[in-house]
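Structure, as structure tokens:
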Amino acid sequence: MATPKGIRAGTAAVVCLAAILSGCAGQETADNAATKAELPPEPVTLKINNFNTVISQEVIDNHIVAPIQKKYPHISFEYLDQLKGSTLQNLITSGNVPDIVFTDYPNLSGLLEFDYPQDLNEFVKAKRIGLDNVNPQMIEGGKRIGAKGELYALPFYMDRMMLFYNKDLFEKFGVPYPTDDMKVDEFVGLVKRMTRLDGGVQYAGMRTINLHTTGMQWGYPVIDPKTGLASFQTDSWKKALTLLNDINSIPGNEKLTNETFYKEQRLAMLQQSFSIMVGLLEGARKGGSPLNWDIAAMPQSKEEPEVSGFYKPYYFVVSKSSKHKEAAMDAVAHLMTSKEGQLELSKTGKMPILTDPDLVKSFGTAVEELKGKRLEAVFKHKAADLAYSNEFDKLASPQLNTAGTNVIAGKSDMNSALREAEEAANKLIAEKKK
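Take 1 as the starting number for the sequence shown in UniProt numbering and just add one per residue.
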């Protein structure tokens, strides 16, 4: 009986020793895992490029690089400026593909031609990135260019078309300022009242924009989403062209530029993107030619009295071929959802894409040119839905604008101009598809 007892005792000892060794090994594995977890991420340099869109160095430094390095110290940036020759086409051809592209909504669909965008749907879901506080139109814009619901872009900030006016001219002629609730017909009447020859100086009521941008005020697409072809012979585009022609046919209200407004100061009203015009006005003030100006909401149609103008969102797009895709997606998601970052943008007059009321209250507070201005007009009305867009917009839009120019110049009637422009656009689209 001694032998079995000895065997049992030895077995117990072996089991005990194994348990001790196992425990030590387990502890060592846990320690190694903890050590690995504590190691900082490898440094990553993300290349960012602007695609057919201007972005200032101040925005790059203070609103992209600084907040990301605060959140992710291992991420740095290399800015490849399109204005200095770093076009996306050149970068792709040379194999120096940027990890992130910054662009605006009108140019977003152009990235499809390069097979550039990464679908971000799975990333947003996996990282549980909350989109509830993001302006839904901005998210919809990032999806609109995808054929199957792809989320190809995340918003950064937005701009808006506004009506700028010269207060001194309205006071000079005793005409009330434009209001935020003007209808289109009232607006045309106001343009007529402010267009006059006085003291040998020709004053103009309003400088118009091109036909495509005019239609964007109501979300009119240049490409039919059902057919994928240009569609200009519609009641919508005829309505937009009629408005454009009515304003341009006012005697004395022609051959106008932005400079007519902020330099010559003989233009009463101007439709322009908020941030672009504020920059020009700020430059005029610093150059010794300050303008006594203010803003109002864009006029509304009788059919859609609650809709005033349109948003112009600015987006980040991540490359599907990026070697640092995870870091790039982390960066753009943080820039979109960070209240702190959005607050700093809002202070500089960049419209925040988060729906937090605190951000609206801080809008423009850091910009001297905006002191005392009617900034509430920027947020008063709903904006038109973003027009459907695809990679053929850039082929169709110039043809549409040519139609508008020909009608205004008296070279063609409306129906003929729109028909010929549509045919020309669809011919270009067909050639592109070959």
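Heads up, the beta-carbon is just placed ideally off N, CA and C, and yes, glycines get one too. The model shown is predicted, which means the values in this text are computed figures rather than measured ones.
Original post:
Quick one: Cα of D185 to Cα of N49, how far?
Top reply: In the sequence shown, counting from the first residue as 1, residue 185 sits at position 185. In the sequence shown, counting from the first residue as 1, residue 49 sits at position 49. Put simply, the backbone Cα of D185 is about 43 Å away from that of N49.
Subject >> Among N426, P299, H334, the one whose alpha carbon lies nearest that of H381 >> reply: Numbered from its first residue, the sequence shown carries residue 381 at position 381. Measuring from the Cα of H381, the nearest candidate turns out to be P299.
**OP:** List in chain order: all unbroken alpha helix (DSSP H) runs of 4+ residues lying wholly within the segment 103-136.
**Re:** 105-108, 121-126
Original post:
Is the CB-CB distance between I222 and V367 below 9 Å?
Top reply: Sequence index remark: in the sequence shown, residue 222 carries index 222 (1-based). Sequence index remark: in the sequence shown, residue 367 carries index 367 (1-based). As written in the sequence, residue 222 is Val, which differs from the Ile given in the question. Contact flag unset, no.
Original post:
When burial is assigned at 16 or more other CB atoms within 10 Å of the CB, is D413 buried or exposed?
Top reply: Residue 413 sits at position 413 when you count from the first residue of the sequence shown. With fewer than 16 Cβ atoms within 10 Å of its Cβ, D413 is classed as exposed.
Original post:
Where do the N-terminal and C-terminal ends of the beta strand (DSSP E) with D294 fall, by residue?
Top reply: Stepping through the sequence shown from its first residue, residue 294 is reached at position 294. D294 -> beta strand (DSSP E) spans 293-296.
Original post:
Quick one: Cα of A34 to Cα of K325, how far?
Top reply: The residue labelled residue 34 in the question sits at position 34 within the sequence shown. The residue labelled residue 325 in the question sits at position 325 within the sequence shown. Bear in mind that the predicted position of A34 carries a pLDDT of just 48, short of 50, making it unreliable; the figure below should be weighed with that in mind. About 25 Å.
**OP:** Check each candidate in P43, K148, V59, L80 and name the one with the smallest Cα separation from P73.
**Re:** Numbered from 1 along the sequence shown, position 73 holds the residue referred to as residue 73. For the residues P43, K148, V59, L80, the minimum Cα distance to P73 belongs to P43.
**OP:** Can you check the segment 352-395 for any alpha helix (DSSP H) of at least 4 residues that lies completely inside it and give the ranges in chain order?
**Re:** 357-361, 376-380
**OP:** Can you give me the Cβ contacts of I55 inside the same chain, cut-off strictly under 6 Å, excluding the 5 residues immediately before and after it?
**Re:** Taking the sequence shown and counting its residues from 1, the one referred to as residue 55 is at position 55. Result list for I55: F102, in chain order.
Original post:
What first and last residue would you give for the alpha helix (DSSP H) that runs through K183?
Top reply: The count along the sequence shown starts at 1 and reaches residue 183 at position 183. No alpha helix (DSSP H) contains K183, which DSSP labels as neither H nor E.
Subject >> Per-residue burial, F173 [other beta carbons within 10 Å of its own, 16 or more giving buried] >> reply: Here residue 173 is taken as the residue at index 173 of the sequence shown, counted from 1. With fewer than 16 other Cβ atoms within 10 Å, it is exposed.
**OP:** Taking F173 as part of the beta strand (DSSP E), name the residues at either end of that continuous run.
**Re:** In the sequence shown, the residue the question calls residue 173 occupies position 173. Looking at the DSSP string, F173 is not in any beta strand (DSSP E), and its letter there is neither H nor E.
Original post:
Does DSSP put K325 in a helix, a strand or coil?
Top reply: Here residue 325 refers to the residue found at position 325 of the sequence shown. Helix, per DSSP.
Subject >> Residues near D385 by beta carbon distance below 6 Å, same chain, minus five either side >> reply: Position 385 of the sequence shown, counted from the start, is the residue given in the question as residue 385. Here the set comprises G219.
Subject >> Cβ-Cβ distance between L91 and L80 below 9 Å >> reply: Translated into the one-based positions of the sequence shown, residue 91 becomes position 91. Translated into the one-based positions of the sequence shown, residue 80 becomes position 80. Yes.
Original post:
Tell me, which residues are paired with M206 by DSSP?
Top reply: Position 206 of the sequence shown, counted from the first residue, corresponds to residue 206. Answer by DSSP bridge pairing, in chain order: M269.
Subject >> Among Q217, S289, Q271, Y203, the one whose alpha carbon lies nearest that of I250 >> reply: Residue mapping note: residue 250 aligns to position 250 of the sequence shown, counting from 1. That would be Y203, whose Cα lies nearest to the Cα of I250.
**OP:** Grab me the residues of R144's own chain with a C-beta within less than 7 Å of its C-beta, minus the 5 sequence neighbours each way, in chain order.
**Re:** Looking up residue 144 in the sequence shown gives position 144. Beyond the five residues adjoining it in sequence on each side, R144 comes within less than 7 Å, by CB distance, of L386, Y388, S389 in the same chain, given in chain order.
**OP:** Please confirm whether K127 and A328 have their CB atoms less than 9 Å apart.
**Re:** Here residue 127 refers to the residue found at position 127 when the sequence shown is read from its first residue. Here residue 328 refers to the residue found at position 328 when the sequence shown is read from its first residue. Contact: no.
Original post:
Which residue comes first and which comes last in the alpha helix (DSSP H) that contains I145?
Top reply: Taking the first residue of the sequence shown as 1, we reach residue 145 at position 145. From DSSP, I145 is part of no alpha helix (DSSP H); its letter is neither H nor E.
Original post:
So what does V318 bridge to, in DSSP terms?
Top reply: Reading the sequence shown from its first residue, position 318 is the one you call residue 318. According to DSSP, residue pairing for V318 in a beta bridge involves I100.
Original post:
Measuring CB to CB, does P67 end up less than 9 Å from L335?
Top reply: The residue you call residue 67 lines up with position 67 of the sequence shown. The residue you call residue 335 lines up with position 335 of the sequence shown. Yes, they are a contact pair.
**OP:** Using three-state DSSP, classify N62 as helix, strand or coil.
**Re:** On the sequence shown, position 62 is the one that residue 62 refers to. The answer is helix: DSSP assigns N62 an H, G or I state.
Original post:
Per DSSP, which one or two residues make a beta bridge with M158?
Top reply: Your numbering for residue 158 matches position 158 in the sequence shown. Bridge partners of M158: P313, M351.
Original post:
Can you check whether the CB of I129 is closer than 9 Å to the CB of S322?
Top reply: Position 322 of the sequence shown, counted from the start, is the residue given in the question as residue 322. Position 129 of the sequence shown, counted from the start, is the residue given in the question as residue 129. Taking 9 Å as the Cβ cut-off, S322 and I129 do not qualify as a contacting pair.
Subject >> Test item: CB-CB of G205 and M269 under 9 Å >> reply: Locating residue 205 in the sequence shown gives position 205, where the first residue counts as 1. Locating residue 269 in the sequence shown gives position 269, where the first residue counts as 1. Less than 9 Å divides the Cβ of G205 from the Cβ of M269.
Subject >> Per-residue DSSP class, three states only, for E150 >> reply: Working through the sequence shown from its first residue, we reach residue 150 at position 150. Of the three classes helix, strand and coil, the one that applies to E150 here is coil, per DSSP.
Original post:
Is the segment 155-170 touching the segment 404-418, taking contact as three or more C-beta pairs under 8 Å?
Top reply: no
**OP:** Just confirm the distance between the C-beta atoms of N401 and H212, as a whole number of angstroms; I'd bet it's less than 8 Å.
**Re:** Reading the sequence shown from its first residue, position 401 is the one you call residue 401. Reading the sequence shown from its first residue, position 212 is the one you call residue 212. Contact flag correct, Cβ pair sits at about 6 Å.
Subject >> contact_flag[the segment 114-121, the segment 142-156] where n(CB pairs < 8 Å) is 3 or more >> reply: yes
Original post:
So, helix, strand or coil for A407, using DSSP?
Top reply: Here the question's residue 407 lines up with position 407 in the sequence shown. First, the amino acid is wrong: residue 407 is Val here, not Ala. In the structure shown, V407 sits in a helix (DSSP, three-state: H, G or I).
**OP:** Return the residue from the list A240, L39, G288, T45 that minimises the CA-CA distance to T405.
**Re:** The sequence position of residue 405 within the sequence shown is 405, counting from 1. Selected option, being the one with the closest Cα: A240.
**OP:** Compare the Cα-Cα distances from F51 to each of W293, A421, F316, G215 and report the closest residue.
**Re:** Here residue 51 refers to the residue found at position 51 of the sequence shown. Residue F316 is the option with its Cα nearest to F51.
Original post:
Taking the C-alpha atoms as reference points, what is the distance between A403 and E340?
Top reply: Looking up residue 403 in the sequence shown gives position 403. Looking up residue 340 in the sequence shown gives position 340. Each residue's alpha carbon lies about 46 Å from the other.
Original post:
Given that a residue counts as buried once 16 or more other Cβ atoms are within 10 Å of its Cβ, and exposed if not, what is K434?
Top reply: Locating residue 434 in the sequence shown gives position 434, counting from the first residue. It counts as exposed.
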